[in-house]
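Top to bottom, those sequences are chains A and B. Mapping the first sequence onto this note's numbering, position 120 (from 1) lands on 122, and the numbers just tick up by one. Mapping the second sequence onto this note's numbering, position 131 (from 1) lands on 139, and the numbers just tick up by one.
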Amino acid sequence: MLELVDVHAHYGKVHVLQGSSLRVEDGETVALLGRNGVGKTTTLKTIMGLVPASGGAVVFNGTDLTKIAPHRIPGQGIGYVPQGRGIFPTLSVLENLEIGLPKSPPPEVMDHVFERFPRLKERLGQSGGTLSGGEQQMLAIARCLVLKPRLLILDEPTEGIMPILVQDIRREIAAVNKAGVSILLVEQNIKTALKLCSRIYIMEKGAVVHEARAEDLKDDKDTLHRYLGVTI
Amino acid sequence: MELVIALGMNGIVWGLIIALIALGLSIIFGLLDIINIAHGDFFMVGTVLAWFVLDTTGNYWLAFLIVPIIGFAMGVVIEYTVIQPIKNAAALSIVATFGLSIILQEGVRATFGAAPTRLVPPIQSTIQMFGLEYEVYRLFAAAVSIAAILLFFGFLHRTKMGTWMRAVRYDPETATAMGIPARKIYMITFALGFAMAALGGVVAAPITTVDFQAGVDILPFCFMAVIIGGLGNLEGTVAAAVMLAFFEGVMASFADPTIARIGSLCLMSIVLLIRPHGIFAGATR
Chain A
3 MLELVDVHAH YGKVHVLQGS SLRVEDGETV ALLGRNGVGK TTTLKTIMGL VPASGGAVVF
63 NGTDLTKIAP HRIPGQGIGY VPQGRGIFPT LSVLENLEIG LPKSPPPEVM DHVFERFPRL
123 KERLGQSGGT LSGGEQQMLA IARCLVLKPR LLILDEPTEG IMPILVQDIR REIAAVNKAG
183 VSILLVEQNI KTALKLCSRI YIMEKGAVVH EARAEDLKDD KDTLHRYLGV TI
Chain B
9 MELVIALGMN GIVWGLIIAL IALGLSIIFG LLDIINIAHG DFFMVGTVLA WFVLDTTGNY
69 WLAFLIVPII GFAMGVVIEY TVIQPIKNAA ALSIVATFGL SIILQEGVRA TFGAAPTRLV
129 PPIQSTIQMF GLEYEVYRLF AAAVSIAAIL LFFGFLHRTK MGTWMRAVRY DPETATAMGI
189 PARKIYMITF ALGFAMAALG GVVAAPITTV DFQAGVDILP FCFMAVIIGG LGNLEGTVAA
249 AVMLAFFEGV MASFADPTIA RIGSLCLMSI VLLIRPHGIF AGATR
């Protein structure tokens with residue numbers, strides 16, 4: 003479904019991604035882990051075309067995303083929930099939900115979204131900025147679902163969320179995956195990543211350096227400690 | 009007293025025209041981070057084109073339709089050739105748009121001549137108001153400006169393109185990731201800013217002087233409205249433009265116009281001392 007092949011990216015003269023490779027299969031949930039500043043967010047932004055790739059290929063269902071305009075990438079079937087949620091605070095909840103579509107979506111699409119996130123339906127006229135952190139995260143996910151993605155990319159979805167709501171968000175991501183949407187997740191919360199994902203990539207210094215099945219990584223204390231500095 | 013009322017009313021009319029022009033300046037600044045020194049010249053181009061339409065067709069009303077369209081088209085070309093290459097280099101925008109300002113002024117001077125022209129208003133009747141004989145055209149100019157401002161806000165808040173403009177203005181990266189063509193939005197916004205200034209020129213041409221340097225005088229006033237209204241606050245810009253022009257109009261009934269302008273600048277300084285982000289700061293939408 004998605005494959006990154008030896009992807010390089012620069013911020014000015016800084017060589018941030020130094021040959022990153024990974025893949026996400028149909029229906030799979032994959033996590034990208036690593037310490038701060040290793041290039042996880044840049045990897046996601048490169049997939050979305052927000053940071054131009056200076057080398058390599060980002061192939062999604064046979065299309066090289068590095069060759070198309072960034073605003074056309076969501077239309078290929080990729081939803082993106084950026085770090086910090088990326089809600090437009092001065093736009094209403096409804097405007098946020100419909101932002102990616104040229105026209106209002108069919109009622110059945112909205113019904114499906116509201117079925118999953120009933121709280122959003124109660125707040126349609128409210129400004130996005132007035133929602134709580136958890137509600138904003140729900141809105142950010144719902145906004146992508148309106149576009150009917152085949153792959154959902156989430157950058158630290160539980161960051162800054164009240165611990166009591168982390169479970170809800172985790173459950174929603176699992177439900178989205180169960181509905182057939184592949185997930186690529188960047189997460190600092192290792193437990194969340196291990197619970198949600200079947201496969202894990204670990205990045206260091208701008209490149210993927212380790213790949214493991216989540217159930218194997220749980221028991222691999224040495225790798226967890228060496229690359230992530232954590233002990234579970 | 010009649011003079012105070014007349015100049016006060018003229019001030020409100022002029023303020024509404026300025027509001028229309030300053031709105032364009034404000035959206036260009038808010039979305040593209042461009043300090044557009046040439047914005048006054050967009051107004052000037054509007055006045056000159058209005059005169060040209062009248063001169064060639066004999067029908068001033070046509071200018072209300074044709075000139076904003078020409079302004080929009082010129083805006084597209086200028087955004088592509090001047091603004092796009094300096095995107096992400098905001099400091100360069102002052103130099104680039106200053107150069108553009110000179111090109112527009114000299115272009116108009118070379119094409120239409122340097123002699124200032126006055127146009128006869130297309131409506132020449134007067135109406136009895138507050139004990140004065142007031143020009144109907146000025147009331148018409150105010151009505152057109154109000155209608156254009158309301159249309160603009162309607163466009164911004166009731167259409168998909170307007171929603172996209174507000175989204176790109178807040179966070180272009182996330183907007184792009186949602187599938188919004190940010191590049192196209194920048195171009196449309198700049199062109200819309202030009203079209204609004206050009207429409208302001210058409211509205212104002214019969215009550216001001218058509219001159220290749222007309223934009224030089226109007227630009228500081230637009231900047232003052234944008235600053236007092238709160239940078240990026242569109243509703244604040246409109247309110248500040250009307251208040252400033254009314255204040256200056258009333259001042260001009262007691263003192264020399266230069267003193268009135270100094271009064272406006274003092275007022276802006278006082279506002280900025282008390283509210284550094286403008287009177288309506290915090291209400292940005």
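Even for Gly, the Cβ is constructed at its ideal location relative to N, Cα and C.
Cut-off 8 Å between Cβ atoms - residues of its own chain near residue i, not counting five sequence neighbours on either side
i, result
"B:Leu127", "Ala58, Trp59, Leu62, Tyr68, Ala213, Pro214 and Val218"
"A:Gln78", "Phe62, Asn63, Thr65, Leu67 and Ile70"
"A:Gln138", "Arg87, Ile89 and Gly130"
"B:Ile20", "Ala150, Val250, Ala253, Phe254 and Gly257"
"A:Asp221", "none"
Closest residue to residue i among the options (Cα-Cα distance)
i, options, result
"B:Ala199", "B:Val56, B:Ile77 and B:Gly208", "B:Ile77"
"B:Glu114", "B:Val53, B:Glu181, B:Thr197 and B:Ile26", "B:Val53"
"B:Ile94", "B:Gly32, B:Leu140, B:Met82 and B:Ile42", "B:Ile42"
"A:Gly36", "A:Leu154, A:Leu99 and A:Glu213", "A:Glu213"
"B:His47", "B:Ala71, B:Ile111 and B:Met259", "B:Ile111"
"A:Leu46", "A:Lys197, A:Lys220, A:Ala195 and A:Leu186", "A:Leu186"
"B:Ala249", "B:Ser261, B:Phe262, B:Thr65 and B:Pro228", "B:Pro228"
"A:Ile85", "A:Gly162, A:Asp221, A:Leu4 and A:His114", "Here residue 85 of chain A is Gln; the residue named in the question, Ile, does not match the sequence. Ranking A:Gly162, A:Asp221, A:Leu4 and A:His114 by Cα distance to A:Gln85 puts A:Gly162 first."
"A:Glu5", "A:Gly208, A:Glu27, A:Ile155 and A:Asn38", "A:Glu27"
"B:Glu10", "B:Leu39, B:Ile74 and B:Gln136", "B:Gln136"
"A:Tyr203", "A:His10, A:Ala11, A:Gly29 and A:Arg25", "A:Arg25"
"A:Lys105", "B:Ala260, B:Ala263 and B:Ile188", "B:Ile188"
"A:His73", "A:Thr92, A:Leu103 and A:Thr132", "A:Leu103"
"B:Phe148", "B:Lys192, B:Ala118 and B:Val210", "B:Val210"
"A:Ile143", "A:Lys220, A:His114 and A:Arg215", "A:His114"
"A:Thr132", "A:Pro91, A:Val183, A:Arg145 and A:Cys199", "A:Pro91"
"A:Phe116", "A:Glu174, A:Ser200, A:Val60 and A:Glu158", "A:Glu174"
Start-to-end residues for the beta strand (DSSP E) that takes in residue i
i, result
"A:Ser22", "Val16 to Val26"
"B:Glu143", "Leu140 to Glu143"
"B:Val234", "Taken as a continuous stretch (DSSP letters only), B:Val234 belongs to no beta strand (DSSP E), being part of the alpha helix (DSSP H) at Ala222 to Gly237."
"A:Val83", "Ile80 to Val83"
DSSP bridge partner residues for residue i (one or two, in chain order)
i, result
"A:Tyr203", "A:Leu34 and A:Glu213"
"A:Phe62", "A:Leu4 and A:Thr65"
"B:Met137", "B:Leu140"
"A:Gly231", "Looking at the DSSP assignment, A:Gly231 forms no beta bridge with any residue, so it has no partner."
"A:Tyr13", "A:Val16"
"A:Gly86", "None; A:Gly86 has no bridge partner."
"A:Gly57", "A:His10"
"A:Val40", "Its beta-bridge partners do not exist; DSSP assigns none."
"A:Ser94", "A:Ser129"
"A:Thr45", "Per DSSP, none; premise fails for A:Thr45."
"B:Val218", "B:Thr125"
Start-to-end residues for the alpha helix (DSSP H) that takes in residue i
i, result
"B:Gln113", "Ala98 to Phe120"
"A:Ser184", "Unbroken run through A:Ser184 is the beta strand (DSSP E), Ser184 to Val188; no alpha helix (DSSP H)."
"B:Arg191", "Ala190 to Ala212"
"B:Val176", "Lys168 to Tyr178"
"A:Leu196", "Ile192 to Leu198"
"B:Arg269", "Pro265 to Ile282"
"B:Gly244", "Leu242 to Ala260"
Residues near residue i by beta carbon distance below 7 Å, same chain, minus five either side
i, result
"B:Met17", "Tyr142"
"B:Gly244", "Gly237, Gly238, Gly286, Ile287, Phe288 and Ala291"
"B:Val84", "Met195 and Ala199"
"A:Pro107", "Glu100 and Val148"
"B:Asp225", "none"
"B:Arg269", "Glu256"
"B:Phe138", "Ile13"
"B:Gly208", "Ile25, Leu28, Ile29, Phe51 and Gly54"
"A:Ser56", "His10, Ala11 and His12"
"B:Phe72", "Val210"
"A:Glu206", "Gly36, Val40 and Tyr229"
"B:Ala123", "none"
Own chain partners of residue i with C-beta closer than 6 Å, once the 5 adjacent residues on each side are dropped
i, result
"A:Leu126", "Val95 and Leu96"
"B:Ala14", "Leu140"
"B:Trp22", "Ala253"
"B:Met276", "Met232 and Ile236"
"A:Arg152", "Gly79"
"B:Val144", "Ile131, Ser133 and Ile135"
"A:Met50", "Ile75 and Tyr82"
"A:Gly208", "Val18, Leu19, Gln20 and Gly41"
"B:Ala260", "Leu15 and Ala268"
"A:Ile155", "Leu46, Tyr82 and Leu186"
Extract the residue ranges of the beta strand (DSSP E) inside the stretch 96 to 173 of chain A, only unbroken runs of 3 or more that lie entirely within it.
153 to 157, all fully within the stretch 96 to 173 of chain A.
Secondary structure, alpha helix (DSSP H): runs of 4+ residues fully inside the stretch 34 to 97 of chain B:
Unbroken alpha helix (DSSP H) runs of no fewer than 4 residues, entirely contained in the stretch 34 to 97 of chain B, are found at 47 to 65 and 69 to 86, following chain order.
May I ask you to list, following chain order, the residues of the stretch 92 to 103 of chain A that have a beta carbon less than 7 Å from some beta carbon of chain C?
Chain labels in this structure do not include chain C; the protein chains are A and B.
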